Amino acid sequence: MTAGTRSSNSFALGLLMVVGLGCLAWLALRLGDWHSPFARHYELNARFASASGLREGAFVEIAGVRVGSVTSIALDPARFESVVAMRLLPGLRLPSDAIASIRTSGLIGEKYVRITPGGATDMLPPGGEILDTESSINIEELISKYIFEGGDK
Amino acid sequence: MSPTSLATTLQRRVINLGAMGLFLGQVLRRLPHRAARAGTLAGLVVAIGSRSMGLMIVAGGFVGAMLAVQFFDTLSRFGSPSMLGAAVGLGLIRELGPVLAALIVLGRAGSALAAEVASMRGSQQLDALACMAIDPLAYLMVPRLIACLISLPLLTAIFDVAGLLGGMCIGALSFGSSAGIFLDSAASGIGPADVRMGFVKSVVFAALIGWICLGKGFLAPAVRGTEDVSRVSADAVVIASMSILGADYLLSALMS
Chain A
2 MTAGTRSSNS
12 FALGLLMVVG
22 LGCLAWLALR
32 LGDWHSPFAR
42 HYELNARFAS
52 ASGLREGAFV
62 EIAGVRVGSV
72 TSIALDPARF
82 ESVVAMRLLP
92 GLRLPSDAIA
102 SIRTSGLIGE
112 KYVRITPGGA
122 TDMLPPGGEI
132 LDTESSINIE
142 ELISKYIFEG
152 GDK
Chain B
21 MSPTSLATTL
31 QRRVINLGAM
41 GLFLGQVLRR
51 LPHRAARAGT
61 LAGLVVAIGS
71 RSMGLMIVAG
81 GFVGAMLAVQ
91 FFDTLSRFGS
101 PSMLGAAVGL
111 GLIRELGPVL
121 AALIVLGRAG
131 SALAAEVASM
141 RGSQQLDALA
151 CMAIDPLAYL
161 MVPRLIACLI
171 SLPLLTAIFD
181 VAGLLGGMCI
191 GALSFGSSAG
201 IFLDSAASGI
211 GPADVRMGFV
221 KSVVFAALIG
231 WICLGKGFLA
241 PAVRGTEDVS
251 RVSADAVVIA
261 SMSILGADYL
271 LSALMS
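Protein chains in written order, with our numbering: chain A, 2 to 154; chain B, 21 to 276.
What follows is the structure in C-alpha cells.
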C-alpha cells in the first residue's frame, strides 16, 4: 500500500466517523429529545378525577405555547384519582392558583394539558401540586347525556 | 418432485443451516482475540462504510422527499399537514432508514464480501492460511464482521439525516411549510424509543449481512470457477435480504 492510498483511506475513514457519529448524535440529542440529567426542570403534579385519553409524553401548554410534557400518569389508590406528573421549562414559575385542564387539540386530536395561570402572588415550588383542575371532557358521555336525558322531558 | 428427493433437499437445507450456525458460533468465539491488525479493520470499514456514504446521502434524500410527498397528501386529507415532519421522521427512523440502508449495503458490500471469500475458497487461499497455522476465521472473518457492525449503524444515521433534509426541502419548497415547522414537528414526534429502535435494527441487520455473506462464502462447497463465485454471492444476497425483511418484522413487533 502506498502512502497516497493510505492517507486517502484515513481521510475516508475519518469522514465516515465524523459524519456518521455527528448524524447519530443529532438524531439522539435533537430528535430523540434526550434530556440532560443536569438540567433542573420545573416539576409539577396535578390531580384529575379522570385523565382519560391523556398519554405520557403529551404536551403541556400555557397561552398556546408548549412549555413541557407529561412524564407520568398514575392512580392514587386512596382517593381513586389520577395523578399527572409534568415537567416544564427550567426557568418557569406558576402562581399557586393556576388551573390545569385536560383539553383536546381539534375535534379528534390528541389530549394535552392546558395550564391557565392565576393571579396569586405566591408561586408553586418545584414538585408542588396544582389544586384547581378540570378533567378531560368525554364526548361520548356528553352525547349519551343529551340522548337519554333529553327523552325524559 | 418425489418424496425421497424432497426429503433429501430438506435434509440438505437443515444441514446447511446447522453449518451456518456453527460458523457463527466459531466466529463469535474468536471475537475477543483478533489476529488481524487494526489497519486491516480500518481498511475494511473504509471499503464497507466510507465508500457507501455518498450512496446513503443520495438514496436517503430521495426516500425522504418521496415520503414527504406521500405523507403530505395523506395528512392533508385528515387536516393535519403540520405533522409532516413527524410522519417523515418516524417512517425513516423506525422503518425505512435501517431497512433500506441495510439492503443498499448488502447489495454494494455484502455481495462483494461473499464473492471475495468464495473466490478465496476456490483458489485455496483459506486452506493455505490454515497450513501456515493462521486461523482464517480469526484472521479474515472476524474483522469483516466487526467492520459491518461499525459501518451500518453510522450509514443508517447518515441515511436518516439525509432523508429528513430531503423531506424538509420538499416540504419547504413544494408545500410551503417552513423548515423550522418541519424540524419542530419531527423533534416533538420522535422520542428516544424510536431512535433506539432504529439503532438496534441497524446493528441486527449488520450482523445478519456479515454472518450470511461471510458464511455463504466460507462454506461454499465446490468453487471451481467464476460461475460458482457469482452463484454463491447471488445466494447470499437473496438469503440475507429475506432475513433482513423478516428480522425487521420481528423487531418491529417486539419493540413497539
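Heads up, the beta-carbon is just placed ideally off N, CA and C, and yes, glycines get one too.
Just so it is clear, the structure is predicted and the values come from calculations on it, not from any experiment.
- Scanning the segment 36-68 of chain A for uninterrupted beta strand (DSSP E) segments of 3 residues or longer gives 43-49, 60-63, listed from N- to C-terminal end.
- Shown here, V71/A sits in a strand according to DSSP, grouped into three states.
- Annotation: R251/B to I190/B spans about 41 Å, alpha carbon to alpha carbon.
- One thing to note: L126/B has its Cβ within 8 Å of the Cβ of I229/B.
- Checking the DSSP bridge columns, you'll see K112/A partnered with T105/A.
- Closest by C-alpha distance to D214/B, out of D180/B, A254/B, M152/B, I113/B, is I113/B.
- Taking a Cβ-Cβ threshold of 8 Å, the residues of chain A close to A62/B are N10, S11, L14, in chain order.
- Collapsing the DSSP output to three states places A86/A in a strand.
- Relative to S205/B, the option among L149/B, L174/B, F179/B, A107/B whose CA is nearest is A107/B.
- With 16 or more other Cβ atoms from the protein chains shown falling within 10 Å of its own Cβ, M217/B counts as buried.
- Within its own chain, the residues whose Cβ lies closer than 6 Å to the Cβ of L146/B, once the five positions on either side in sequence are excluded, are M140, P156, listed in chain order.
- Where E247/B is concerned, the enclosing alpha helix (DSSP H) starts and stops at 246-275.
- Taking C-beta separations shorter than 7 Å and ignoring five residues to either side along the sequence, the partners of L89/A in its chain run H42, Y43, L45, V61, V68, G69, following chain order.
- Secondary structure remark: continuous alpha helix (DSSP H) runs of at least 4 residues inside the segment 70-129 of chain B, in chain order: 73-97, 104-110, 117-125.
- Counting along the chain, D147/B sits inside the alpha helix (DSSP H) bounded by residues 145-151.
- A Cβ-Cβ distance of about 6 Å is found for the pair S137/A and S51/A, placing them in contact under the 8 Å criterion.
- Counting along the chain, the unbroken beta strand (DSSP E) around D133/A starts and ends at 133-135.
- Close to chain A, meaning a Cβ-Cβ distance shorter than 9 Å, are the following residues of the segment 172-189 of chain B: P173, L174, L175, T176, A177, I178, F179, D180, V181, A182, L184.
- Taking 8 Å as the upper bound on Cβ-Cβ separation, chain A lies near residues G109, I113 of the segment 105-124 of chain B.
- Residue pairing for D77/A: DSSP places it in a beta bridge opposite E82/A.
- Distance from V19/A to I178/B at the Cβ level is roughly 11 Å; contact not present, criterion being Cβ atoms closer than 8 Å.
- Within chain B, the residues placing a beta-carbon under 8 Å from that of G58/A are G211, ordered along the chain.
- Using a Cβ-Cβ cut-off of 8 Å, M86/B does not count as an interface residue toward chain A, since no Cβ of chain A sits closer than that to its own.
- Of all residues in the segment 127-144 of chain A, none is placed with a Cβ closer than 9 Å to any Cβ belonging to chain B.
- The segment 30-48 of chain B makes no contact with the segment 94-109 of chain B; the number of CB pairs closer than 8 Å stays below 3.
- Contact between I68/B and C168/B holds, since their C-beta atoms are separated by about 6 Å, short of 8 Å.
- Contact of V66/A with chain B by beta-carbon distance below 8 Å is absent, the smallest such distance being about 12 Å.
- Secondary structure at P126/A: coil, using DSSP grouped into helix, strand and coil.
- Going by DSSP, F238/B is part of the alpha helix (DSSP H) stretching over 212-238.
- Bridge pairing for T117/A: I100/A [DSSP].
- Contact check for A260/B and V224/B: beta-carbon distance about 12 Å, past the 8 Å limit, so the pair fails to qualify.
- Closest in C-alpha terms to V137/B, from the list T28/B, S222/B, L234/B, comes L234/B.
- Note on Y269/B: under 16 other CB atoms within 10 angstroms of its CB, so exposed under the neighbour-count rule.
- The C-beta of L160/B has 16 or more other C-beta atoms within 10 Å across all chains shown, which makes the residue buried.
- Under the Cβ distance rule, G237/B does not count among the residues neighbouring chain A, no pair being separated by less than 8 Å.
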